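Colleague: Quick one: this structure, given as structure tokens, is what I'll be asking you about.
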Amino acid sequence: MVIRHVLDNGAVVLIDEMKDVRSFSLGFFVRAGSQDEPAARRGISHFLEHVLFKRTRRRSNVQIARAIDALGGDVDAFTTKEYTGFYVHTMDTRLADALDLMGDIVLSPAFDGKDIENERGVILEEIGEANDNPEDLVHEMLVRSFWKGHPLGEPILGTTRSVRAISRRDLYAFHRSRYVAPNLIVSAAGRFRAGEALAGIERILRRRGGRAAAPRSRRSERRPVAHSHVEVERRPGLEQAHLCLGLAAAPQASPRRYAAHLLDIVLGGGMSSRLFQEVRERRGLVYSIGSSLHGYRLGGYEAISAACAPRNLPRVLDVTLREMRRLRRDGISRRELRWAKDNLKGSLVLALESTVSRMSAAARQEFYFGRTAAPEEWVSRVEAVTQEQVEGEARRLGGRSLSLSVVGNVGESPISSADLASAL
0 MVIRHVLDNG AVVLIDEMKD VRSFSLGFFV RAGSQDEPAA RRGISHFLEH VLFKRTRRRS
60 NVQIARAIDA LGGDVDAFTT KEYTGFYVHT MDTRLADALD LMGDIVLSPA FDGKDIENER
120 GVILEEIGEA NDNPEDLVHE MLVRSFWKGH PLGEPILGTT RSVRAISRRD LYAFHRSRYV
180 APNLIVSAAG RFRAGEALAG IERILRRRGG RAAAPRSRRS ERRPVAHSHV EVERRPGLEQ
240 AHLCLGLAAA PQASPRRYAA HLLDIVLGGG MSSRLFQEVR ERRGLVYSIG SSLHGYRLGG
300 YEAISAACAP RNLPRVLDVT LREMRRLRRD GISRRELRWA KDNLKGSLVL ALESTVSRMS
360 AAARQEFYFG RTAAPEEWVS RVEAVTQEQV EGEARRLGGR SLSLSVVGNV GESPISSADL
420 ASAL
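FYI, in numbering that gives the first Met the number 0 the residues of the sequence shown are 0 to 423.
Structural data, given as structure tokens:
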């Protein structure tokens, strides 16, 4: 059971004591991601995530590395479009050490100029690597054109131009305005004494500058508008053509989200899904194909991804769209609904055995819903979804938002914008 505390400075602390494990996970989550960035400084959230691990007021880069290795577990960080997370997973005897290290990294950076320039080079290499990865690139192309003109459509890494423009002053100002107590969610799950963990977190936030200053309002609360498009990037050196179909879906906090997740599982969420069976198993057109549901506070989208020989691209697209039409027209069977529910409930329940998953799930629920639901509530909500509700989501597969991005050794698009718009 997750116990929620709101500290005097506005920080939210989530404590999930697990007595049957020998480890714990601790995460600092900051309500700042790529959608909160100035247009000329795209990528600053991700840049800051890198810089925070380089040097603090008390530790050098080498001392941080040694402290991480001494914990004997995992220490990592990530940036999303809406928040940034830092976490540690280690043995139950290392709570004080983990708190000291994570508080130092997240709240007391040194912003050394040489460190910043070194990380700028690393991030530029990361952007280059992402552009060379067709799976990443085709998805990035889809989202950028699909949510054109909205911060949610911009790449988390930023661009080469924007990253080169970010200064030490920019990083310092972004940290000072965003990494404040009211923007912090600190989540802990695992074996520890709850009172000891809470007291330790309070001390860290008080000592390391978890300021109570009011956070700035988000830059854009307007909802993203889906723009239908067909986009092809020719890459002659690639053996396969990578495609990504996208269409509008429910936001993260929508009451439709459980039905949408079940539909996603039926469509392309596993080996029994319709797309896997039809495109791979029955026709042998691809090695992999699947769908994924992406939900944010202000919007969401469904993405269908596949890779195939360029000569098979028209057939893969044709079969995929045909299955989507059939799903929209005929709905799902009771057996499919039962299988999808068991699949989703199984993934939810199995995640409860991991301290990292429980720590992260509590923080995400706090971010999106302002509360943490008990696992029994998740399971009951999945079980309560009706066949009619899932079929209602299936009918939403139509509309004007259907989009396509392709990367590979291909010439023209296998389908025109007009034909794609009427495909479903």
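Even for Gly, the Cβ is constructed at its ideal location relative to N, Cα and C.
Quick caveat, the model's predicted, so the values are computed rather than measured.
Is the stretch 52-69 in contact with the stretch 171-184, if contact means three or more CB pairs nearer than 8 angstroms?
Modeller: Because the criterion of three Cβ pairs below 8 angstroms is not met, the stretch 52-69 and the stretch 171-184 do not touch.
Colleague: Along the alpha helix (DSSP H) that carries Val-50, what are the first and last residues, could you check?
Modeller: Counting along the chain, the alpha helix (DSSP H) containing Val-50 begins and ends at 43-51.
Colleague: Determine the closest residue to Glu-352 out of Phe-23, Phe-85, Ile-14, Val-162, with distance taken between C-alpha atoms.
Modeller: Of the listed residues, the one whose Cα sits closest to Glu-352 is Phe-23.
Colleague: Could you name each continuous alpha helix (DSSP H) segment of 4 residues or more that falls completely within the stretch 336-396, going from the start of the chain to the end?
Modeller: Fully enclosed alpha helix (DSSP H) runs of 4 or longer: 354-368, 374-383, 386-394.
Colleague: Within 10 Å of its beta-carbon, does Tyr-286 have 16 or more other beta-carbons around it, so buried, or fewer, so exposed?
Modeller: Result: exposed.
Colleague: Which of the three DSSP states is assigned to Asp-7 in this structure?
Modeller: Correct three-state label for Asp-7: coil.
Colleague: Assign Lys-53 to buried or exposed, taking buried as 16 or more other Cβ atoms, counted over all protein chains shown, within 10 Å of its Cβ.
Modeller: That one is buried.
Colleague: Nearest by alpha-carbon distance to Asp-131: which of Leu-297, Pro-235, Pro-37 is it?
Modeller: When only C-alpha atoms are compared, the closest one is Pro-235.
Colleague: By Cβ distance below 7 angstroms, which residues in the same chain neighbour Met-90 in space, the five residues on each side in sequence not counted?
Modeller: Within the same chain, Met-90 has close Cβ partners Arg-21, Ser-22, Gly-71, Gly-72.
Colleague: Roughly how many whole angstroms lie between the Cα atoms of Pro-223 and Phe-85?
Modeller: Answer to the nearest angstrom: the Cα atoms are 27 angstroms apart.
Colleague: What does DSSP give as the partner residue(s) for Gly-189 in the beta ladder?
Modeller: Note: Gly-189 sits in a beta bridge opposite Glu-16, Phe-23.
Colleague: Does the beta-carbon of Ile-14 have 16 or more other beta-carbons within 10 angstroms, so that it is buried, or is it exposed?
Modeller: So Ile-14 counts as buried.
Colleague: Under the three-state reduction of DSSP, which class applies to His-138: helix, strand or coil?
Modeller: If DSSP states are grouped into helix, strand and coil, His-138 belongs with the helices.
Colleague: Are the beta-carbon atoms belonging to Tyr-300 and Gly-245 less than 8 angstroms from one another?
Modeller: The answer is yes: Cβ separation under 8 angstroms.
Colleague: For Arg-145, count the other beta carbons within 10 Å of its own beta carbon; 16 or more makes it buried, fewer makes it exposed. Which is it?
Modeller: Here the sequence assigns Phe to residue 145, which means Arg is not the residue at that position. By the neighbour-count rule (16 or more Cβ atoms within 10 Å), Phe-145 is buried.
Colleague: In terms of alpha-carbon separation, which member of Val-87, Val-315, Ala-225 lies closest to Leu-297?
Modeller: The option with the nearest alpha carbon to Leu-297 is Ala-225.
Colleague: Between the C-alpha atoms of Met-140 and Val-231, what's the straight-line distance to the nearest angstrom?
Modeller: Distance between the alpha carbons of Met-140 and Val-231 is about 9 angstroms.
Colleague: Helix, strand or coil for Ile-203, going by three-state DSSP, please let me know.
Modeller: In the structure shown, Ile-203 sits in a helix (DSSP, three-state: H, G or I).
Colleague: What are the start and end residues of the alpha helix (DSSP H) that includes Phe-85?
Modeller: Counting along the chain, Phe-85 falls outside any alpha helix (DSSP H), though it belongs to the beta strand (DSSP E) covering 83-90.
Colleague: Hey, how far is the Cα of Phe-366 from the Cα of Glu-322?
Modeller: Each residue's Cα considered, the two are about 35 angstroms apart.
Colleague: According to DSSP, is His-226 helix, strand or coil?
Modeller: His-226: coil per DSSP, three-state reduction.
Colleague: In terms of residue numbering, what span does the beta strand (DSSP E) encompassing Ala-66 cover?
Modeller: Looking at the DSSP string, Ala-66 is not in any beta strand (DSSP E); the run it does join, the alpha helix (DSSP H), is 60-70.
Colleague: Compare the C-alpha of Arg-40 against each of Ser-166, Gly-189, Leu-401, Glu-220 and name the closest.
Modeller: It is Ser-166.
Colleague: For Thr-159, which three-state DSSP category applies?
Modeller: If DSSP states are grouped into helix, strand and coil, Thr-159 belongs with the helices.
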